[in-house]
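J.: Got a structure for you, questions after.
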Ligand code: URA
């Protein structure tokens, strides 16, 4: 078999055989196929696409390129969730305990943040003492005991994806939907869960800006999961403004703890309950969505969900007093109100700019070696649809410097106003099963 023939076939829109796809992934991972041929191949995929079978074979080959996590020692049907990334997305901290409160195990491997979106592990480390590095045995024991553990990714999962992603980044082929779908799903499948709920974000602050692209990506990922024996559901949710009111590490933990204790932050609570309900239905804990939803709402009301959050934090060495009293979480030195120069109704809040403003404060990393400041962040005081007068507070910046000018400017740029009343964006656009 020759790589040049495979490129030729794909360039001309032909469907590749399983062997041809496996030959490419194995050969590239081992360094036997050079970057220039892999680049040409991915550009051909960008233009010609892949069938559902080809995408599933590509994904499986990327899974097979490295280690896989064996979760069989965990009792019950393991469910996982994945978000394509958004600003203020603290859903994992709500969904994990909610699902655990229904007795369904969640063994979550997570990553750190880079750029305008924060990382799950960085946010958790706002809680003093909380350990995200643990042995495989400890991880499994914690899930068996508390139904929830969150750990840093260990092992060499899907190395083919790492190598291919780096090449796509510099060859303008990141945006090919079968390649994105394969990339995300290879890492999820290698992490070992039985079922997966995907939160595919759409809008200005998302990786996928249009509903059409988000839906194509969601459908491809669901098809891959189902073709490879994992029950998979995707929710397409809105990212035309940050999720909830809080952005930053301690801030987001604080807001998640509040939701688990019954606070009403409409978009955040709704999306979390939606994702958690689908996860528990996939795990067969409930016969249908309505029953799952009702029980999970009850588990917020009766304290079971918050108890699950507490026991997970305690099991990983975290100081639970910080979530019992969130004023004990790291606090920034200054709280600076950013005031509106305009009046009208908020029509847009560019989530990416809010994420960048938070990164400038120190809440995120501009480069992978940057240190995170857990205390700093942003509290939104106005969201889309809210009426604003001149001088009203748009956001409060929690900063360690007195006048964080670049963050102030970035936040002001993020807000757009309209003279007519604007509607709140639809939060859940579609559920793909
Ligand atoms: N995230 C991934 O993990 N892979 C992609 O290809 C794009 C986004």
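In the numbering used here, the protein residues as written are 82 to 514.
Don't be surprised by glycine CBs; every beta carbon is placed ideally from N, CA and C.
Going along the chain, which unbroken runs of the beta strand (DSSP E) with 3 or more residues stay wholly within the region 459-512?
T.: Taking only runs of at least 3 residues, the beta strand (DSSP E) segments lying wholly in the region 459-512 are 474-480, 496-499.
J.: By Cβ distance below 6 angstroms, which residues in the same chain neighbour residue 96 in space, the five residues on each side in sequence not counted?
T.: Contacts found: 132.
J.: Check this for me: beta carbons of residue 258 and residue 313, under 8 angstroms apart or not?
T.: No, Cβ-Cβ distance for residue 258 and residue 313 is not below 8 angstroms.
J.: Pairs of beta-carbons, one from the region 164-181 and one from the region 332-339, closer than 8 angstroms: are there three or more?
T.: Result yes; three or more Cβ-Cβ pairs closer than 8 angstroms.
J.: Alpha carbons only, please: which of 235, 194, 103, 100 is nearest the one belonging to residue 455?
T.: Comparing Cα-Cα distances from residue 455 to each of 235, 194, 103, 100, the minimum goes to 194.
J.: Under 8 angstroms, with one C-beta from each stretch per pair, do the region 344-354 and the region 215-225 reach the 3-pair mark?
T.: At 8 angstroms Cβ cutoff, the stretches do not touch.
J.: Among 273, 483, 344, 408, whose alpha-carbon lies nearest the alpha-carbon of residue 152?
T.: Answer by Cα proximity: 273.
J.: Determine the closest residue to residue 488 out of 507, 436, 512, with distance taken between C-alpha atoms.
T.: That would be 436, whose Cα lies nearest to the Cα of residue 488.
J.: Which of helix, strand or coil does DSSP assign to residue 365?
T.: Residue state, collapsed to three classes: coil.
J.: Taking only three categories from DSSP, how would you classify residue 263?
T.: Correct three-state label for residue 263: helix.
J.: Which one of 423, 477, 285, 507 has the shortest CA to CA distance from residue 430?
T.: Comparing Cα positions, the closest option is 285.
J.: What does the alpha-carbon distance come out to for the pair residue 177 and residue 200?
T.: Near 15 angstroms, if we compare the C-alpha coordinates of residue 200 and residue 177.
J.: Would you list the one or two residues that DSSP bridges to residue 232?
T.: Beta-bridge pairing links residue 232 to 190.
J.: Would you say residue 258 touches the ligand URA, meaning its beta carbon is less than 7 angstroms from a heavy atom?
T.: Every heavy atom of the ligand URA is 7 angstroms or more from the Cβ of residue 258, so no.
J.: Would you check if there are 3 or more beta carbon pairs closer than 8 angstroms linking the region 160-167 to the region 369-383?
T.: The answer is no - the region 369-383 does not touch the region 160-167, with fewer than three Cβ pairs under 8 angstroms.
J.: Three-state secondary structure (DSSP) at residue 319?
T.: Note: residue 319 maps to strand in three-state DSSP.
J.: How about residue 498: is its Cβ closer than 7 angstroms to a heavy atom in the ligand URA?
T.: The answer is no for residue 498.
J.: At 3 residues or longer, what runs of the beta strand (DSSP E) sit wholly inside the region 295-345?
T.: Listed in chain order, they are 312-319, 327-329.
J.: Got a sec? Which residues, its chain only, sit under 6 angstroms from residue 127 by beta carbon, not counting five neighbours each side?
T.: Excluding positions up to five away in sequence, the list reads 254, 257.
J.: For the alpha helix (DSSP H) holding residue 163, just list the boundary residues, first then last.
T.: Element bounds for residue 163: not the alpha helix (DSSP H) but the beta strand (DSSP E), 160-164.
J.: Just the Cα atoms here: how many angstroms apart are residue 229 and residue 289?
T.: Approximately 30 angstroms between the Cα atoms of the pair.
J.: Buried or exposed for residue 319, please, with buried defined as at least 16 other CB atoms from any protein chain shown within 10 angstroms of its CB.
T.: With 16 or more Cβ atoms within 10 Å of its Cβ, residue 319 is classed as buried.
J.: If you count every other CB in all the chains shown that lies within 10 Å of the CB of residue 112, and 16 or more means buried, which is it?
T.: The residue in question, residue 112, is exposed, as its Cβ has fewer than 16 Cβ neighbours within 10 Å.
J.: Shortest alpha-carbon distance to residue 217 belongs to which of 210, 231, 206, 205?
T.: Among 210, 231, 206, 205, the Cα nearest to that of residue 217 is on 231.
J.: Can we count residue 255 as close to the ligand URA, meaning its CB is less than 7 angstroms from some heavy atom?
T.: For the ligand URA, at least one heavy atom lies less than 7 angstroms from the Cβ of residue 255.
J.: Just to be sure I understand the criterion: a residue counts if its Cβ is closer than 5 angstroms to at least one heavy atom of the ligand URA. Which residues meet that?
T.: Residues flagged by the Cβ proximity filter: 261, 264, 265.
J.: Who pairs with residue 226 in a beta bridge, going by DSSP?
T.: Answer by DSSP bridge pairing: none, since residue 226 is not bridged.
J.: Can you give me the start and stop residues for the beta strand (DSSP E) that residue 279 sits inside?
T.: Note, residue 279: beta strand (DSSP E), 276-283.
J.: Per DSSP, what kind of secondary structure is residue 172 in: helix, strand or coil?
T.: In the structure shown, residue 172 sits in a helix (DSSP, three-state: H, G or I).
J.: Considering Cα atoms alone, identify which of 266, 507, 280, 424 is closest to residue 467.
T.: Ranking 266, 507, 280, 424 by Cα distance to residue 467 puts 424 first.
J.: Distance, Cα to Cα, residue 413 vs residue 331?
T.: Between residue 413 and residue 331, the C-alpha separation is close to 10 angstroms.
J.: How many Å lie between residue 512 and residue 483 at the Cα?
T.: The straight-line gap from Cα to Cα measures roughly 44 angstroms.
J.: Pick helix, strand or coil for residue 289, following the three-state DSSP scheme.
T.: Here residue 289 sits in strand by DSSP.
J.: Can you tell me whether residue 251 is buried or exposed, with buried defined as 16 or more other CB within 10 angstroms of its CB?
T.: Classification for residue 251: exposed.
J.: Helix, strand or coil for residue 417, going by three-state DSSP, please let me know.
T.: Correct three-state label for residue 417: strand.
J.: Terminal residues of the continuous alpha helix (DSSP H) containing residue 404?
T.: 402-405 is the span of the alpha helix (DSSP H), which, as asked, contains residue 404.
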